[in-house]
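The opening residue of the sequence shown carries number 32 in the working numbering; numbering runs sequentially from there.
Presented below is the structure to which this report refers.
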Amino acid sequence: MDDFWNERYGKADYVYGTEPNAFVAAMAASIPEGPVLCLAEGEGRNAVFLAGLGHAVTAVDQSAVGLAKAERLAAQRSVRIATVVSDLARFEIGDGAWSGIVATFAHLPPSLRRNVHSRVVRGLAPGGILLLEAYTPGQLGRGTGGPRELELCMTLQGLREELQGLDFEVANECVRDVIEGSGHTGPGAVVQVAARRPLPASHGR
């Protein structure tokens, strides 16, 4: 799989463009001050955008080629990001470490996805938020990007189960135009989630 993504990102152009995912851009103001983790970040478009807003951003991806392009994009935009080449099965998200976690089109096998999502819940600091967009089963056959296997798609119901412990502030399944480089172009059936880790209940009342 590393070879697949290294080959895909080995082209001169940015496969999914250099601008942030539209949902991430629209929801960025909901991320509290503090460090942000971008999962399966590829060529860095979300990470660089969020760094430009003042966040300390760590971008994780299994493709060293993709992250090298992310670092080049950051240099072009005069921002800094940290990059970590790692499979998400092995990457330590940590506990209570992140003000925001971003995952756009990070389609994983179901068992790994459930594991990663459980670690995301723990990884958010109180008040921190997850921004996630992914393709739903309705995307299959559209030919506009995304996985070809049903099991890699996500649904809102499934995400509610996998992200128990977070408060869903945005929970939406829709078809929208996804125009992100040559990799995603055209109408896409997506699920969008903004889910926040609750602040501790106040004491002394």
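Note that beta-carbon positions come from the ideal geometry of N, C-alpha and C, so glycine has one too.
Of the residues Gly176, Gly189, Gly196, the one placed nearest Pro157, counting alpha carbons only: One-based indexing of the sequence shown puts residue 157 at position 126. For Pro157, the nearest C-alpha among the options comes from Gly196.
Of the residues Gly73, Phe199, Ala220, the one placed nearest Arg227, counting alpha carbons only: On the sequence shown, position 196 is the one that residue 227 refers to. If we check each option's Cα against that of Arg227, Phe199 comes out closest.
Test item: CB-CB of Pro140 and Leu183 under 8 Å: The count along the sequence shown starts at 1 and reaches residue 140 at position 109. The count along the sequence shown starts at 1 and reaches residue 183 at position 152. Less than 8 Å separates the beta-carbon of Pro140 from that of Leu183.
Spatial distance of Val133 from Thr89 (CA atoms): On the sequence shown, residue 133 is found 102 positions in, with the first residue counted as 1. On the sequence shown, residue 89 is found 58 positions in, with the first residue counted as 1. So the alpha carbons of these two residues sit roughly 10 Å apart.
The region 56-76 touching the region 157-168, judged by at least three CB pairs closer than 8 Å: yes
CA-to-CA distance, Gly127 to Arg236, given in whole angstroms: Taking the sequence shown and counting its residues from 1, one reaches residue 236 at position 205. Taking the sequence shown and counting its residues from 1, one reaches residue 127 at position 96. Because the pLDDT of Arg236 is 44, which lies under 50, any placement of that residue in the model is unreliable, and the question is left without a value.
Cβ neighbours of Gly176 in the same chain (closer than 6 Å, five flanking residues each side left out): In the sequence shown, the residue the question calls residue 176 occupies position 145. So the qualifying residues of the chain are Gly214, His215.
Backbone secondary structure at Glu180 - three-state DSSP: Residue numbering aside, residue 180 sits at position 149 when the sequence shown is read from its first letter. Correct three-state label for Glu180: coil.
CB contact below 8 Å: Leu194 versus chain D: Here there is only one protein chain, and chain D is not present.
Contacting residues, own chain, Cβ-Cβ under 8 Å from Gly83 (five flanking each side not counted): Mapped onto the sequence shown, residue 83 falls at position 52. Excluding positions up to five away in sequence, the list reads Arg108, Val110.
Closest Cα partner of Arg121 within the set Arg150, Ala99, Ala113: In the sequence shown, counting from the first residue as 1, residue 121 sits at position 90. When each option's Cα is compared against that of Arg121, the closest is Arg150.
Nearest-angstrom Cα separation, counted from Arg153 out to His234: The count along the sequence shown starts at 1 and reaches residue 234 at position 203. The count along the sequence shown starts at 1 and reaches residue 153 at position 122. Legend: pLDDT at His234 = 45, less than 50; position of this residue unreliable, value from coordinates given subsequently. Computed Cα separation, rounded: 22 Å.
Cutoff 8 Å; reference Arg173; Cβ partners in own chain excluding five residues on either side: The sequence position of residue 173 within the sequence shown is 142, counting from 1. Once the five neighbours on either side are set aside, the close Cβ partners of Arg173 are Gly217, Pro218, Gly219, Ala220.
Supposed close pair Val91, Glu74 - CB separation, criterion 8 Å: On the sequence shown, residue 91 is found 60 positions in, with the first residue counted as 1. On the sequence shown, residue 74 is found 43 positions in, with the first residue counted as 1. Not a contact, Cβ separation roughly 13 Å.
Phe199 (DSSP reduced to helix, strand or coil): Numbered from 1 along the sequence shown, position 168 holds the residue referred to as residue 199. Strand at Phe199.
Identified DSSP bridge partners for Arg227: Position 196 of the sequence shown, counting from 1, holds the residue named residue 227. BP columns for Arg227 point to Ile160, Asp198.
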